[in-house]
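Undergrad: For reference, the structure I am asking about is given below.
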Amino acid sequence: MKMKRTKKILLIIGIIFIIGLIIPYSFQNPVAGSTRNDYSQQSYWYYPWGTSVTHKGVDIFKRKGTSIYAASGIELVIYAGYMPGKGGNVVISLAPKWRMHYYAHLDKVDVNTFSVVTHKSKLGSVGNSGNASRTPSHLHFGMMSLIPNPMDIDTSKQGWKKAWYINPIPYLNSYHEKD
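Residue 163 in the UniProt record's numbering sits at position 163 of the sequence shown, and the numbers go up by one each step.
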């Protein structure tokens with residue numbers, strides 16, 4: 001009896017995992033009206049980067065209050081609110097392909113935890129909250145994978161962490177090539 005229940009639970013988990021992998025992943029620049037000129041091509045994994053050691057994302061600079069939208073076609077918000085320390089006002093979401101999106105330094109958060117959002121959903125607005133209070137307004141956008149890719153590990157500072165982090169710059173550049 002117990003073995004049947006365990007098999008059922010494992011089957012459900014397996015189905016959920018496969019669904020997460022087969023949902024198509026589409027991408028847009030999350031900051032309204034931004035272009036390639038609003039972010040640095042070299043900022044991902046830049047070293048040195050304060051207490052983080054390396055910069056595990058990209059900063060998209062725009063005027064304070066500019067709208068921020070979900071970067072992928074569908075996402076589940078797993079946290080929306082204030083994180084003391086580095087990120088300030090943040091949104092953390094789960095996207096297709098078991099990817100996590102991290103939106104940080106927002107001026108204002110406009111979604112709730114456990115909301116389902118799409119490309120058209122406003123998550124919040126550009127700001128400089130958290131440890132970015134002395135910098136121009138921007139969105140720090142990070143992408144992570146819940147399924148590690150050991151092929152991305154290298155010898156750079158904290159290079160072993162690259163198995164979980166995804167460089168968002170090629171995604172942004174590809175999006176802007178469509179413009």
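From the three backbone atoms N, C-alpha and C, an ideal C-beta is built for every residue, glycine too.
Compute the beta-carbon to beta-carbon distance between Tyr-157 and Val-53, rounded to the nearest angstrom, for a pair I have assumed lies under 8 Å.
TA: In the sequence under discussion, the amino acid at residue 157 is Lys, which differs from the Tyr named in the question. That pair is a contact at about 6 Å.
Undergrad: Quickly, what does DSSP pair Ile-92 with across the bridge? List them, please.
TA: DSSP output for Ile-92 lists Tyr-79 and Tyr-102 as bridge partner(s).
Undergrad: Check each candidate in Ala-95, Thr-51 and Thr-66 and name the one with the smallest Cα separation from Gly-85.
TA: Looking at the Cα atoms, Thr-51 is the closest of the given residues.
Undergrad: Would you mind giving the Cβ-Cβ distance between Asn-112 and Ala-132, rounded to the nearest angstrom? I have them listed as a contact below 8 Å.
TA: So it is not a contact: roughly 23 Å between Cβ atoms.
Undergrad: Using CA atoms only, rank isn't needed, just tell me which of Met-100, Gly-87, Pro-168 and Leu-76 is closest to Ser-137.
TA: Cα-wise, what sits closest to Ser-137 is Gly-87.
Undergrad: Tyr-47: buried (16+ other C-beta within 10 angstroms of its C-beta) or exposed?
TA: Tyr-47 is exposed by the Cβ-count criterion.
Undergrad: Leaving out five residues before and five after residue 184 in sequence, what residues of the same chain have Cβ atoms less than 6 Å from its Cβ?
TA: Because the chain spans 1 through 179 in this model, residue 184 falls outside it and cannot be assessed.
Undergrad: What residues match up with Gly-124 in a beta bridge as DSSP calls it?
TA: Beta-bridge pairing links Gly-124 to Ile-68 and Val-109.
Undergrad: What's the gap between the Cα of Thr-118 and the Cα of Val-31?
TA: Cα to Cα, the separation comes out at about 14 Å.
Undergrad: For the pair the segment 123-131 and the segment 63-71, tell me if three or more CB-CB distances fall below 8 Å.
TA: Touching, yes, given that three or more Cβ pairs across the two stretches are closer than 8 Å.
Undergrad: Out of Gly-159, Gly-33, Thr-155 and Leu-172, point me to the one whose CA is closest to Phe-141's CA.
TA: For the residues Gly-159, Gly-33, Thr-155 and Leu-172, the minimum Cα distance to Phe-141 belongs to Leu-172.
Undergrad: Could you give the DSSP three-state label for Asp-59: helix, strand or coil?
TA: Strand, per DSSP.
Undergrad: Identify, in the order they occur along the chain, each residue of the same chain with its Cβ nearer than 6 Å to the Cβ of Glu-75, setting aside the five sequence neighbours on each side.
TA: Answer for Glu-75: Ser-93, Ala-95 and Val-117, listed in chain order.
Undergrad: How is the alpha helix (DSSP H) around Ser-174 delimited, first residue to last?
TA: That run of the alpha helix (DSSP H) goes 169-177.
Undergrad: On the DSSP letters alone, give me the boundaries of the beta strand (DSSP E) that Gly-159 sits inside.
TA: Here Gly-159 belongs to no beta strand (DSSP E), and DSSP marks it neither H nor E.
Undergrad: For the alpha helix (DSSP H) containing Met-3, name the first residue and the last one.
TA: Element bounds for Met-3: 2-22.
Undergrad: Tell me the DSSP secondary structure of Thr-135 in three-state form.
TA: Reduced to three states, the DSSP call for Thr-135 is coil.
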